[in-house]
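> First the structure, then my questions, so here it is.
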Amino acid sequence: MQTVLQLGHDWYSGRFDPAWERPGADDIVSMFAALGLTGPFWSLS
Amino acid sequence: MNGQVRAHIYKHFRDQAAAPSTGDIASSLGRSHEEVTVALDELAASHAIVLRPGTHDIWMAHPFSGIPTDYTATVGGNTWYANCGWDSIAILALLGDGTFASKDPLTDTTNEWTVNDGVVTPAGVVHFLVPARQFWDDIGYT
Chain A
5 MQTVLQLGHD WYSGRFDPAW ERPGADDIVS MFAALGLTGP FWSLS
Chain B
7 MNGQVRAHIY KHFRDQAAAP STGDIASSLG RSHEEVTVAL DELAASHAIV LRPGTHDIWM
67 AHPFSGIPTD YTATVGGNTW YANCGWDSIA ILALLGDGTF ASKDPLTDTT NEWTVNDGVV
127 TPAGVVHFLV PARQFWDDIG YT
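If you're matching them up, the sequences are chains A and B in order.
All residue numbers for the first sequence refer to my numbering, where the first residue is 5 and numbers rise by one.
All residue numbers for the second sequence refer to my numbering, where the first residue is 7 and numbers rise by one.
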């Protein structure tokens, strides 16, 4: 649960800003990895 | 234009706990109905939002849900519908401490957790069923 709370913060931060842009695949994978979410399940390729 | 529409949608969810209508977006931003529907279509195509099939009604602006679900988040007496368990927690990540809940489909009971000073209690596990690379294959199922 704690990891998912942090993931929610990292994933959704900035959505209220008109200038927000979706992060690229590498950035998303890095975001997952920073939380220990690695391996084939969290891969985007 | 698309960024303004998307941000308006998110702020409307935050402030009203509901999706804005196309008319609301148009009047709030001083845009025509057609301009807004084009923006909504483009935002949906880029996976920034999800529209209810065949309409311009906003189904999802993750983590918010425009339709009632079994997943909720409550902050300061206001309750939002979320798209899944992750999203119910994520609403608190965006809006602050509160509670989130999900209904157990097997027992029809509601389980609730609290986030206080960024700490979730009681402990629990979120099960991600769909691999990340397939999140958008069927976003309703995800």
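Ideal Cβ placement from N, Cα and C applies to all residues, glycine included.
It should be emphasised that the depicted structure is a prediction, and the values quoted were computed from it without experimental measurement.
For a minimum of 3 consecutive residues, which ranges assigned as the beta strand (DSSP E) are wholly contained in the stretch 34 to 106 of chain B?
64 to 67, 77 to 81 and 84 to 88
> Can you name the start and end residues of the alpha helix (DSSP H) that W51(A) belongs to?
Lying before the first or after the last residue shown, residue 51(A) is absent from chain A, which here runs from 5 to 49.
> What residues match up with T120(B) in a beta bridge as DSSP calls it?
T105(B) and T127(B)
> Have a look at T80(B), S108(B) and R37(B) and flag the residue whose alpha-carbon is nearest the alpha-carbon of L100(B).
Ranking the options by Cα distance to L100(B), first place goes to T80(B).
> If you count every other CB in all the chains shown that lies within 10 Å of the CB of P128(B), and 16 or more means buried, which is it?
exposed
> Check the Cβ-Cβ distances between P27(A) and every residue of chain B, and say whether any is below 7 Å.
no
> Are the CB atoms of L48(A) and T7(A) nearer to each other than 7 Å?
No, they are not a contact pair.
> Taking 7 Å as the threshold (beta carbon to beta carbon), is G12(A) in contact with chain B?
The beta-carbon of G12(A) is placed less than 7 Å from the nearest beta-carbon of chain B.
> Using a 10 Å radius around the Cβ and a threshold of 16 neighbouring Cβ atoms, would you call V131(B) buried or exposed?
Label assigned to V131(B): exposed.
> Indicate whether at least one CB of chain B lies closer than 7 Å to the CB of L39(A).
no
> Determine the contact status of R12(B) and A54(B), defining contact as a CB-CB distance below 7 Å.
With respect to A54(B), R12(B) sits close: the two C-beta atoms are nearer than 7 Å.
> Nearest chain A C-beta to Q10(B) closer than 7 Å, yes or no?
yes
> Out of Y147(B), R139(B), D144(B) and T148(B), which one is the CA nearest neighbour of P44(A)?
Of the candidates Y147(B), R139(B), D144(B) and T148(B), R139(B) places its Cα closest to the Cα of P44(A).
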